[in-house]
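**Student:** In the numbering used here, the protein residues as written are 7 to 132. Yeah, the Cβ is synthetic: ideal placement off N, Cα and C, and Gly gets one too. All of these numbers come straight from a predicted model, not from anything done at the bench. Pasting in a structure now, in structure tokens, and then I'll have a few things to ask.
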Amino acid sequence: MTTQPSGKALQIAKTYVEAIAHRNVDTIISVTADDVVCTSPIGRITGTQKFRAFHDGFARMVKKVTILATYGDAEQAVVVYNADTHPVANAIVAELLTVRNGKIASTEVIYDASPFSAYMAAAQPH
């Protein structure tokens with residue numbers, strides 16, 4: 007389900023989540039402010055260099071992303087998607103994006119980290 011309200015943040019959020027689905031980190035960075043702040047269950051990162059590393063790592067794990075919903079206005083948007091990843095199938099992710107000056111200024115990434123932690127605890131070091 008994708009809602010129809012319009013606004014700059016919603017347009018950017020759609021570009022962002024479609025880039026996640028296609029593992030296109032360059033597009034993600036193109037809609038991101040230089041001083042972006044990303045908060046997720048694994049911590050808080052600031053700046054496009056760290057944000058790129060965050061998405062590079064996620065892109066390597068992703069098998070498939072299914073966009074479940076997008077909603078937003080001129081300043082904020084919410085994207086919800088199902089991420090089928092190598093370590094965890096069917097991880098539901100929600101992100102609250104704040105947009106300033108046409109770029110993503112911040113994102114709050116919300117997901118259940120426990121299946122990922124369980125995978126990492128069970129993984130054997132090489």
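May I ask which residues mark the beginning and end of the beta strand (DSSP E) holding I116?
**Tutor:** 109-116
**Student:** Take the Cβ of S120 as the centre, count every other Cβ of all protein chains shown within 10 Å, and call the residue buried at 16 or more, exposed below.
**Tutor:** So S120 counts as exposed.
**Student:** Apart from the five residues just before and just after E81, which ones in its own chain have a Cβ nearer than 7 Å to its Cβ?
**Tutor:** A15, T104, V105
**Student:** Which residues bound the alpha helix (DSSP H) around V23?
**Tutor:** For V23, the enclosing alpha helix (DSSP H) has its first and last residue at 14-27.
**Student:** Nearest to T54 by CA position, among P47, A27, S36, A75, is which residue?
**Tutor:** Distances from the CA of T54 to each of P47, A27, S36, A75 were compared; the closest alpha carbon is that of S36.
**Student:** What does a CB cutoff of less than 7 Å around D90 pick up in its chain, not counting 5 residues either side in sequence?
**Tutor:** K69, K70, N96
**Student:** In the DSSP assignment, find the alpha helix (DSSP H) that holds I35 and state where it starts and stops.
**Tutor:** 31-36
**Student:** Run through DSSP, which three-state label would D79 get?
**Tutor:** coil
**Student:** Can you give the Cα-Cα distance for I26 and A128, rounded to whole angstroms?
**Tutor:** Whole-angstrom Cα-Cα distance: 27 Å.
**Student:** Figure out for me which residue from T113, H92, G108 has the closest Cα to the Cα of A102.
**Tutor:** Ala is not the amino acid found at residue 102; the sequence shown has Leu there. Closest by alpha carbon: T113.
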